[in-house]
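Per numbering that gives the first Met the number 0, the sequence shown runs over residues 0 to 592.
Here a beta-carbon is modelled for each residue, glycine too, at the ideal position from N, C-alpha and C.
As structure tokens, the structure follows; a few thoughts come after it.
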Amino acid sequence: MDMASELRMPGPVCLIENTKGQLMVNPEALKTLSAITQPVVVVAIVGLYRTGKSYLMNKLAGQKKGFSLGSTVQSHTKGIWMWCVPHPKKPEHTLVLLDTEGLGDVEKGDNQNDSWIFAMAVLLSSTFVYNSIGTINQQAMDQLHYVTELTDQIRAKSSPDENEGEDSAEFVSFFPDFVWTLRDFSLDLEADGKTISADEYLENSLQLKQGTSQKVKNFNLPRLCIRKFFPKKKCFIFDRPTHRKKLSQLQTLHDDELDPEFVKQVAVFCSYIFSSSKIKTLSGGIKVNGPRLESLVLTYVGAISSGDLPCMENAVLSLAQIENSAAVQKAIAHYDQQMGQKVQLPTETLQELLDLHRTSEREAIEIFIRSSFKDVDHLFQKELAAQLEKRRDDFCKQNLKASSDRCSALLQDIFSPLEEEVKEGIYSIPGGYRLFMQKIQDLKKKYHQEPRKGIQAEEMLQTYLRSKESVTDAILQTDQTLTEKEREIEVERVKAESAQAAAKMLEELQKKNEQIMEEKDKSYQEHVRQLTEKMERDRAQLLQEQERTIALKLEEQDRLLREGFQNESRRLQNEIQTLQRNMSRSRKRCIIS
């Protein structure tokens, strides 16, 4: 059942609980995610406690109530809360809203979890909203120190030999878009006497200072990190919604009781989020749905709980394990269904069965290729190939048995009257042998005329005739009308006929073996063809991602040069060169090992 279209969450549920310094996943929330088959747009909001984050999230959910708005300074939201609603602007999409506990809560004492909550919001979201009060001054930047700790909290690659610079160079390719919401903003947006936009205000606030003192480094560090990790940035300002005494009743107030400018600003913010927030996408262009988001949550929280750093690559590989295993089952189920519908055993020829197998196999491989990703060393595709080969062999055995059973029944039905006549001595008379052989020929002709005997028709007939050789010989030897010479000639003729039939069966067997070998080769070629096409598509996708990342880095490098920051520009150049090397490796990498 598609949760977004069939169910509606009446309110938020806790996704990740933060209790006694431990992050724990709520199984109920995971159950909700597992039912969402649509692509998800994930919007997470973080910020200091009591800055009105929840109000904005309720607005995005189209509700007045939902996420807790506690009006006292006691921080309200513990952990990360989730609300899944049908996307208001994108049909067949689900909007997943993540509200986080307030950062910097003095009651918590241990702020380590603040860093993890911040990092989790970055990892899970496609749009990351940072909410703060007032203007962007040094205090606001200092409070955003969590962004400077991201390189200590997150890894892009699982390889331990990656240095930090190379690893963090990859962040930009999967980090969310960054939106800074400034609440109770009272300044006029001006610079050099000219009116500027909120976005220009943010860009100006992120400008660096020249100098090498510790104070300048502290000033520049959070700004550099925001510029480096979040190339796409947006800023919104909000007037105070109402006078201070009424703030505690904010969720019960109607829009006409609020400052009209604030109401308009909230509408503009919501409109931007609805139209511009992207589907959560992983490296390789993998679009995230509910079960995939569930897997990411489990992997990241599991890593943090065991004392490791959450790793993007590991999360994708963990997700791939689950989905590739399911892709194999889905492909096999399709093959079984198609063969069950199309195959009627026994088939007249082996080739008829192999042709049906090949068509069903091709479709099964297509389903697997469409549903799978990051199949390291093609292990899952090899598993699929092995299962399909086993099924083909099973069908061949079943076909053989069905043919044998059918032919056995036919031979019994056609030849049993003759056997009765032999028992009654009808052919134990002078001239009986010729009568007997004529009858045999007539019955063989009748047998050959029967349809759908399958591939064992000739072998079963010859086996039956061989089993009656002693009877034939007895009738031959007792026929008084034949001379000794005629009997000898007849014995030789029967032997020659039997040898000829045996040679023909051997030839047929060799032909069948050749057909099976040829089918195995065709099967391998089909796997290679479809895999090659997929890897070409994946490689093109990867190159596209790398080109986009490099373009964003080059833009930032150009800006640093214009602002006169040579050292920072050189550091960024090193990152760009790392990415370009990776890109060059991607271009050269052999498609099929």
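- A distance below 7 angstroms between beta-carbons, with the five flanking residues on each side excluded, links Leu417 to the following residues of its chain, in chain order: Lys438 and Leu442.
- Burial state of Gly424 is exposed, judged by a 10 Å Cβ sphere holding fewer than 16 other Cβ atoms.
- Boundaries of the beta strand (DSSP E) harbouring Ser131: Thr126 to Ile132, taken from the DSSP string.
- Counting the other Cβ atoms within 10 Å of the Cβ of Met311 gives 16 or more, which makes it buried.
- By the C-beta criterion, the region 259-276 is judged not to be in contact with the region 207-221, since fewer than 3 inter-stretch pairs fall below 8 angstroms.
- Taking all protein chains shown into account, Pro175 has 16 or more neighbouring C-beta atoms within 10 Å of its C-beta and is therefore buried.
- Cβ contact annotation for Ala139 (same chain, cutoff 6 angstroms, sequence separation greater than five): Ser131, in chain order.
- The region 26-37 makes contact with the region 276-291; the number of CB pairs closer than 8 angstroms reaches 3 or more.
- If one requires a minimum length of 4 residues, no alpha helix (DSSP H) run lies completely within the region 483-554.
- With fewer than 16 other beta carbons inside 10 angstroms of its own, Tyr523 counts as exposed.
- By the neighbour-count criterion, in which a residue is buried when 16 or more other Cβ atoms sit within 10 angstroms of its Cβ, Ser359 is buried.
- In the DSSP assignment, Ile15 is bridged to Val24 and Ile79.
- Contact between the region 34-52 and the region 85-95 is present, with at least three C-beta pairs closer than 8 angstroms.
- No Cβ-Cβ contact shorter than 7 angstroms links Ala495 with Gln461.
- Within the region 319-371, the complete alpha helix (DSSP H) segments at least 4 residues long are 349-370, listed from N- to C-terminus.
- Secondary-structure assignment with DSSP links Asp258 through no beta bridge to anything.
- CA-to-CA, the gap between Asn17 and Trp115 works out to about 10 angstroms.
- Straight-line measurement puts the Cα of Ile285 at about 52 angstroms from the Cα of Glu506.
- In this structure Phe173 is not in contact with Phe229, their Cβ atoms being roughly 12 angstroms apart against a cut-off of 8 angstroms.
- Under the three-state reduction of DSSP output, Leu387 falls in the helix class.
- Apart from the 5 residues on each side of it in sequence, Pro221 sits with its Cβ closer than 7 angstroms to the Cβ of Met140, Leu143, His144, Val146 and Thr147 in its chain, given in chain order.
- Around the beta-carbon of Val45, 16 or more other beta-carbon atoms lie within 10 Å, marking it buried.
- When the alpha-carbon of Glu260 is set against those of Asn219, Lys277, Pro240 and Ser583, the nearest one is in Pro240.
- For Cys224, the enclosing alpha helix (DSSP H) stretches over residues Gln213 to Phe228.
- At least 7 angstroms separates the beta-carbon of Leu578 from that of Gln556.
- The three-state reading of DSSP puts Ile425 in coil, since its state is none of H, G, I, E or B.
- DSSP links Asp412 through a beta bridge to no other residue.
- Here the alpha carbons of Ser157 and Asp151 stand approximately 14 angstroms from one another.
- Judged by DSSP secondary structure, Arg182 falls within the beta strand (DSSP E) whose first and last residues are Asp176 to Arg182.
- Beyond the five residues adjoining it in sequence on each side, Glu458 comes within less than 6 angstroms, by CB distance, of Met504 in the same chain, given in chain order.
- Collapsing the DSSP output to three states places Lys286 in a strand.
- Counting along the chain, Leu96 sits inside no alpha helix (DSSP H); it lies in the beta strand (DSSP E) bounded by residues Thr93 to Thr99.
- At the C-beta level, Pro9 and Trp82 stay beyond 7 angstroms of one another.
- By a beta-carbon distance limit of 8 angstroms, Ser282 does not contact Glu322. Their separation comes to about 14 angstroms.
- Around the CB of Met119, 16 or more other CB atoms lie within 10 Å, so the residue is classed as buried.
- Here the alpha carbons of Arg451 and Arg536 stand approximately 45 angstroms from one another.
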